[in-house]
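Undergrad: Residue 145 is where the sequence shown ends in numbering that gives the first Met the number 0, and the numbering goes up by one at each step.
Virtual Cβ for every residue (Gly too), placed ideally from N, Cα, C.
I'd like to ask you about the structure that follows.
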Amino acid sequence: MQVSVKTFDQLTTEELYHILRLRSEVFVVEQDCVYQDVDNKDQKALHVIGVKNDEIVAYTRIFKPGDYFENVSIGRVVVRHDQRKYGLGKQIMQASLATIDERFPNKPIEISAQTYLLQFYTDLGFNAFGEEYLEDGIPHRRMLKE
């Protein structure tokens, strides 16, 4: 998988369409969760895009401190369903963490993780804190990597 990092203004119309489609496929259709994915935050984010065979198969978005949480944050972590068995989730997260190390060195990273993925994020160095809460009807926990 090739990974690129772009600002919102650097995304092509085609890339943006495929990112939104992937997010909708997973977060709305697969997880059966009706929510407003297009949230006016993409314009502030760095977009980490994983491409395999000329198709976007993995994605995250990164926010600088204060744009989402007080800390740097990663969100909308997604891998296309048929690509999950190849470890692309770990790869896109490692690319996101490397991007943060480069652009926001020595800053804590905060995420809102779906509870069923706690071990995945723990393996990447995150620690859960606070109580479980519902976000769009799905159990989540806040996590921090210092």
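1. Locate the beta strand (DSSP E) running through R83, then write down its first and last residues.
2. Do D41 and R22 have their C-beta atoms closer together than 7 Å?
3. Going by DSSP, what residue range makes up the beta strand (DSSP E) through F128?
4. Taking Cβ to Cβ, would you say I91 is nearer than 7 Å to Q113?
5. Run the CB neighbour count on T59, radius 10 Å, all protein chains shown included, and call it buried at 16 or more, exposed below.
6. Would you grab the beta carbon distance between Y115 and M142 for me? Rounded to a whole angstrom, and I think it's under 8 Å.
7. By DSSP's criteria, A57 is part of a beta bridge. Which residues make up the other side?
8. Just the Cα atoms here: how many angstroms apart are P64 and Q1?
9. Tell me the start and end of each unbroken alpha helix (DSSP H) in the segment 7 to 50 that is at least 4 residues and wholly inside, in chain order.
10. According to DSSP, is E69 helix, strand or coil?
11. How would you write the range of the alpha helix (DSSP H) that L117 sits in, first residue to last?
12. Give a yes or no on whether the C-beta atoms belonging to E145 and P107 are separated by under 7 Å.
13. With DSSP as the reference, label E145 as helix, strand or coil.
14. Name the one or two DSSP bridge partners that I108 has.
TA: With the given structure in hand:
1. By one-based count along the sequence shown, residue 83 stands at place 84. Premise fails: R83 is in no beta strand (DSSP E) and is neither H nor E.
2. For the purposes of this step, residue 41 is taken as residue 42 along the sequence shown, with counting starting at 1. For the purposes of this step, residue 22 is taken as residue 23 along the sequence shown, with counting starting at 1. Not in contact: D41 and R22 (Cβ atoms no closer than 7 Å).
3. Position 129 of the sequence shown, counted from the first residue, corresponds to residue 128. F128 -> beta strand (DSSP E) spans 126 to 134.
4. By one-based count along the sequence shown, residue 91 stands at place 92. By one-based count along the sequence shown, residue 113 stands at place 114. Not a contact, by the Cβ cut-off of 7 Å.
5. Here residue 59 is taken as the residue at index 60 of the sequence shown, counted from 1. The residue is buried, with at least 16 neighbouring Cβ atoms inside 10 Å.
6. Here residue 115 refers to the residue found at position 116 of the sequence shown. Here residue 142 refers to the residue found at position 143 of the sequence shown. In fact, because the Cβ distance is near 13 Å, the residues do not count as touching under 8 Å.
7. Mapped onto the sequence shown, residue 57 falls at position 58. Paired residue(s): G49, V78.
8. The residue given as residue 64 occupies position 65 in the sequence shown. The residue given as residue 1 occupies position 2 in the sequence shown. Those two C-alpha atoms are separated by around 27 Å.
9. 12 to 22
10. Taking the first residue of the sequence shown as position 1, residue 69 is located at position 70. Reduced to three states, the DSSP call for E69 is coil.
11. Against the sequence shown, residue 117 aligns to sequence position 118. Segment 117 to 122, the alpha helix (DSSP H) holding L117.
12. By 1-based counting over the sequence shown, the position of residue 145 is 146. By 1-based counting over the sequence shown, the position of residue 107 is 108. Taking 7 Å as the Cβ cut-off, E145 and P107 qualify as a contacting pair.
13. Start at 1 with the first residue of the sequence shown, and residue 145 comes out as number 146. E145 falls in the coil class under three-state DSSP.
14. Locating residue 108 in the sequence shown gives position 109, counting from the first residue. Answer by DSSP bridge pairing, in chain order: V71, K144.
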